[in-house]
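Those protein sequence lines, which keep their order, are chains S and P.
Take the first sequence: its position 189, counting from 1, is numbered 207 in the numbering used here, and each next residue is one higher.
Take the second sequence: its position 83, counting from 1, is numbered 501 in the numbering used here, and each next residue is one higher.
From the three backbone atoms N, C-alpha and C, an ideal C-beta is built for every residue, glycine too.
Here is the structure we will look at, set down as structure tokens.
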Amino acid sequence: MAKKYDTVVIGGGPAGMAAAIEAKRCGAKVLLIERENKLGGILNQCIHNGFGLHYFKEELTGPEYAERFIKLINWHKLDYYTNTFVTKINSNSVEVISPLGVEKIYTKTIVLATGARERTAGAIGLNGTRPVGVYTAGQVQKMINYDGKLPCKHPIILGSGDVGLIMARRLSLEGAKVQMVLELANKPGGLMRNIQQCLNDFNIPLYTSTTVKEVVGTDKIEGIYAVSVDDKMHEIPNSLKYYPCDALILSVGLIPETDILPELKLNPRTNGALVNEYRETSIPNVFSCGNGLHVHDLVDNVSHEAELTGKYAAMKAKGQLPYGKEYNIICGDGISYTVPATYYATPGNLEILFRVRDKYIRHNIVVRAKNKVIAKKFVLCATGGTMQSISFDKANLKGDITISMEAEDGK
Amino acid sequence: MENNILDTTCIMCPMGCNLHIEKKADGTISVTGNTCERGKIYGTSEITQPVRTLTTLVKYKNRVISVKTDKPIPKSKIKDAMKEIEFLRPSTARFGQTLIKNIAGTDANLIVTRM
Numbered sequence: 019m020a021k022k023y024d025t026v027v028i029g030g031g032p033a034g035m036a037a038a039i040e041a042k043r044c045g046a047k048v049l050l051i052e053r054e055n056k057l058g059g060i061l062n063q064c065i066h067n068g069f070g071l072h073y074f075k076e077e078l079t080g081p082e083y084a085e086r087f088i089k090l091i092n093w094h095k096l097d098y099y100t101n102t103f104v105t106k107i108n109s110n111s112v113e114v115i116s117p118l119g120v121e122k123i124y125t126k127t128i129v130l131a132t133g134a135r136e137r138t139a140g141a142i143g144l145n146g147t148r149p150v151g152v153y154t155a156g157q158v159q160k161m162i163n164y165d166g167k168l169p170c171k172h173p174i175i176l177g178s179g180d181v182g183l184i185m186a187r188r189l190s191l192e193g194a195k196v197q198m199v200l201e202l203a204n205k206p207g208g209l210m211r212n213i214q215q216c217l218n219d220f221n222i223p224l225y226t227s228t229t230v231k232e233v234v235g236t237d238k239i240e241g242i243y244a245v246s247v248d249d250k251m252h253e254i255p256n257s258l259k260y261y262p263c264d265a266l267i268l269s270v271g272l273i274p275e276t277d278i279l280p281e282l283k284l285n286p287r288t289n290g291a292l293v294n295e296y297r298e299t300s301i302p303n304v305f306s307c308g309n310g311l312h313v314h315d316l317v318d319n320v321s322h323e324a325e326l327t328g329k330y331a332a333m334k335a336k337g338q339l340p341y342g343k344e345y346n347i348i349c350g351d352g353i354s355y356t357v358p359a360t361y362y363a364t365p366g367n368l369e370i371l372f373r374v375r376d377k378y379i380r381h382n383i384v385v386r387a388k389n390k391v392i393a394k395k396f397v398l399c400a401t402g403g404t405m406q407s408i409s410f411d412k413a414n415l416k417g418d419i420t421i422s423m424e425a426e427d428g429k
Numbered sequence: 419m420e421n422n423i424l425d426t427t428c429i430m431c432p433m434g435c436n437l438h439i440e441k442k443a444d445g446t447i448s449v450t451g452n453t454c455e456r457g458k459i460y461g462t463s464e465i466t467q468p469v470r471t472l473t474t475l476v477k478y479k480n481r482v483i484s485v486k487t488d489k490p491i492p493k494s495k496i497k498d499a500m501k502e503i504e505f506l507r508p509s510t511a512r513f514g515q516t517l518i519k520n521i522a523g524t525d526a527n528l529i530v531t532r533m
């Protein structure tokens with residue numbers, strides 16, 4: 019007998035777990051599918067603290083945050099498969115492979131919660147050889163925090179994203195001497211608090227406007243050539259310098275994982291699916307949330323967004339999702355992208371998540387329909403590294419809306 | 419003398435104010451460069467006694483389990499705490515269990531966060 023569900027959620031990380039629980043709460047018959055041997059996703063290897071301050075109002079480590087949701091999954095007696103890989107998504111089913119074999123599972127709606135992948139040496143066009151010792155930060159995190167193996171003693175980190183900074187601290191605590199962190203941009207990529215707690219606390223130097231020119235080594239990495247760049251990202255002559263190292267760790271960004279469904283229409287800014295107000299993708303009945311939709315900086319926001327998505331997927335399965343006329347949400351001054359990209363002219367609340375292009379001190383987030391201000395929110399400080407949101411009542415709202423950053427005094 | 423003046427970046431929000439903190443001879447502390455009250459509180463604690471939550475691993479049977487201090491401990495105690503943890507080989511462990519009470523002489527306990 020073929021199994022039949024209302025909603026199948028793909029990915030048992032923070033997004034998938036929250037979406038599955040909420041869909042079940044809304045009365046749907048739900049199946050959650052996870053590739054690894056346990057639920058929790060990337061949280062299981064993020065043993066550092068700083069999670070949950072918004073969602074649970076207390077500071078937790080990654081595994082503790084995951085454990086809260088796993089408990090809820092068990093409490094709701096939610097069906098889930100681990101060690102199971104989705105091989106194909108059809109219009110009314112998913113095909114999976116698991117230790118039990120190959121299986122086709124019928125479903126009315128699908129939630130993609132497949133997370134993000136790290137940019138690799140190939141993705142950034144890193145020059146030189148490809149010896150052992152060139153890792154991504156997440157790989158090193160898994161080796162240390164999950165397998166208990168320290169893969170290097172004198173690493174150099176390229177990229178100042180948060181995962182790289184967190185790993186600089188972990189490596190230092192485990193006895194490695196992190197020589198330096200190189201960052202191509204003229205300012206650090208990660209959160210300020212991570213620069214302070216992960217680099218400054220351990221006297222690890224950060225060189226901005228600097229990158230790796232070439233990797234050296236045949237079997238095992240021997241060192242790197244670093245080069246400084248100017249404002250236009252052009253190499254500064256004679257700035258080339260050789261540094262020996264036993265690992266180069268890349269922390270150069272994440273890309274939403276959408277390979278499972280190549281026909282998805284993507285947002286060119288996020289590389290995640292283009293979604294409507296209900297987080298439904300260009301393929302009807304297929305929804306997307308979490309880092310697989312757009313890369314978040316806080317797991318708390320992932321949980322919140324995934325709950326919304328789970329609710330909508332359950333409503334769609336039951337034929338209760340109200341579609342009105344669809345209008346665009348346009349990125350105005352200072353806005354890099356918005357999720358969702360459109361809204362429906364239906365009653366209710368509209369929450370827009372977005373990122374800004376620059377650093378804005380004392381600005382208003384302003385939403386306009388034609389020239390009429392629909393919503394306004396003051397922010398003391400907004401940067402590209404921190405996701406912003408604005409929420410308002412959209413009853414009687416019609417037409418395309420524009421969201422922009424405006425200086426407090428109206429300039 | 420070197421501990422009486424500290425220039426650092428406030429980490430309380432993404433604004434990242436550049437703080438200049440001074441401990442005067444009479445023990446009073448001045449914080450400048452901050453935008454809000456939270457920066458003043460952060461700056462004061464950074465020059466008197468900076469604290470951090472320690473998260474790391476403990477060897478357990480043939481694998482590692484993750485642990486944390488259940489409250490932040492003084493930064494100066496982190497090395498001592500890591501030494502205590504290095505040789506710890508618990509015979510049993512479960513999620514949330516205390517493995518070391520008052521680690522490195524602080525009032526924090528080391529607890530299991532992942533099995």
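Between residue i and residue j, how many whole angstroms is the CB-CB distance? I'm expecting something under 8 Å.
i, j, result
"P134 (chain S)", "A324 (chain S)", "In the sequence on display, residue 134 (chain S) carries Ala and not Pro. Actually they do not touch by this definition, with Cβ atoms about 14 Å apart."
"L266 (chain S)", "L176 (chain S)", "6 Å"
"N452 (chain P)", "G461 (chain P)", "6 Å"
"K493 (chain P)", "V469 (chain P)", "7 Å"
"G235 (chain S)", "V482 (chain P)", "That pair is no contact at about 29 Å."
"E455 (chain P)", "S448 (chain P)", "Contact doesn't hold; Cβ gap of about 14 Å is too wide."
"I174 (chain S)", "Q197 (chain S)", "5 Å"
"F305 (chain S)", "T127 (chain S)", "7 Å"
"S409 (chain S)", "N382 (chain S)", "So it is not a contact: roughly 15 Å between Cβ atoms."
"M35 (chain S)", "F87 (chain S)", "4 Å"
Mind checking which residues open and close the alpha helix (DSSP H) that includes residue i?
i, result
"H252 (chain S)", "Careful: H252 (chain S) lies outside any alpha helix (DSSP H) and carries neither H nor E."
"Y330 (chain S)", "317-335"
"A499 (chain P)", "496-504"
"K42 (chain S)", "32-43"
"G59 (chain S)", "Unbroken run through G59 (chain S): none, as it is neither H nor E."
Can you name the start and end residues of the beta strand (DSSP E) that residue i belongs to?
i, result
"Q157 (chain S)", "No beta strand (DSSP E) contains Q157 (chain S), which is instead part of the alpha helix (DSSP H) from 155-163."
"R386 (chain S)", "378-387"
"Y98 (chain S)", "97-99"
"S422 (chain S)", "419-425"
"Y243 (chain S)", "241-246"
"S484 (chain P)", "481-487"
Between which residues of its own chain and residue i is the CB-CB distance below 8 Å, once the five residues before and five after are set aside?
i, result
"V391 (chain S)", "V384, V385"
"E420 (chain P)", "Only weak support is given to the placement of E420 (chain P): the predicted model assigns it a pLDDT of 48, under 50, and the question is left unresolved by the model."
"H66 (chain S)", "T79, G80, I184, R187, R188"
"G457 (chain P)", "C428, M430, C435, L437, V449, G451"
Taking the C-alpha atoms as reference points, what is the distance between residue i and residue j?
i, j, result
"A332 (chain S)", "L282 (chain S)", "21 Å"
"T228 (chain S)", "S269 (chain S)", "14 Å"
"D219 (chain S)", "G514 (chain P)", "27 Å"
"L517 (chain P)", "A511 (chain P)", "8 Å"
"D498 (chain P)", "R507 (chain P)", "17 Å"
"I242 (chain S)", "G146 (chain S)", "9 Å"
"I347 (chain S)", "I254 (chain S)", "41 Å"
"A244 (chain S)", "L339 (chain S)", "54 Å"
"L475 (chain P)", "R43 (chain S)", "36 Å"
"L200 (chain S)", "L415 (chain S)", "48 Å"
"N204 (chain S)", "T427 (chain P)", "17 Å"
"E504 (chain P)", "A38 (chain S)", "39 Å"
"R137 (chain S)", "G143 (chain S)", "10 Å"
"G310 (chain S)", "K442 (chain P)", "52 Å"
"D425 (chain P)", "C170 (chain S)", "32 Å"
"E369 (chain S)", "N256 (chain S)", "50 Å"
"T125 (chain S)", "A400 (chain S)", "41 Å"
"N303 (chain S)", "A387 (chain S)", "29 Å"
"V485 (chain P)", "N62 (chain S)", "12 Å"
"D237 (chain S)", "V150 (chain S)", "6 Å"
"D411 (chain S)", "G523 (chain P)", "54 Å"
"S190 (chain S)", "A393 (chain S)", "47 Å"
Spatial neighbours of residue i within its chain, please: C-beta separation below 7 Å, excluding the five flanking residues on both sides.
i, result
"D488 (chain P)", "A526, N527, I529"
"K122 (chain S)", "A20, S111, E113"
"C431 (chain S)", "No statement about residue 431 (chain S) is possible, as the shown extent of chain S runs from 19 to 429 and does not include it."
"T132 (chain S)", "I28, G29, E275, I278, G310"
"C307 (chain S)", "A33, A37, V129, A131, R297, E323, A324, T327"
"P490 (chain P)", "V469, R470, T471"
Spatial neighbours of residue i within its chain, please: C-beta separation below 6 Å, excluding the five flanking residues on both sides.
i, result
"A413 (chain S)", "P365"
"V313 (chain S)", "A134, L272"
Segment contact, 8 Å Cβ cut-off, at least three pairs: the segment 283-303 of chain S with the segment 40-57 of chain S: no
Touch test, the segment 258-278 of chain S against the segment 92-102 of chain S, Cβ-Cβ under 8 Å, three pairs minimum: They do not touch, by the three-pair rule.
Any 3 or more C-beta pairs closer than 8 Å across the segment 417-425 of chain S and the segment 343-359 of chain S: Short answer: they touch.
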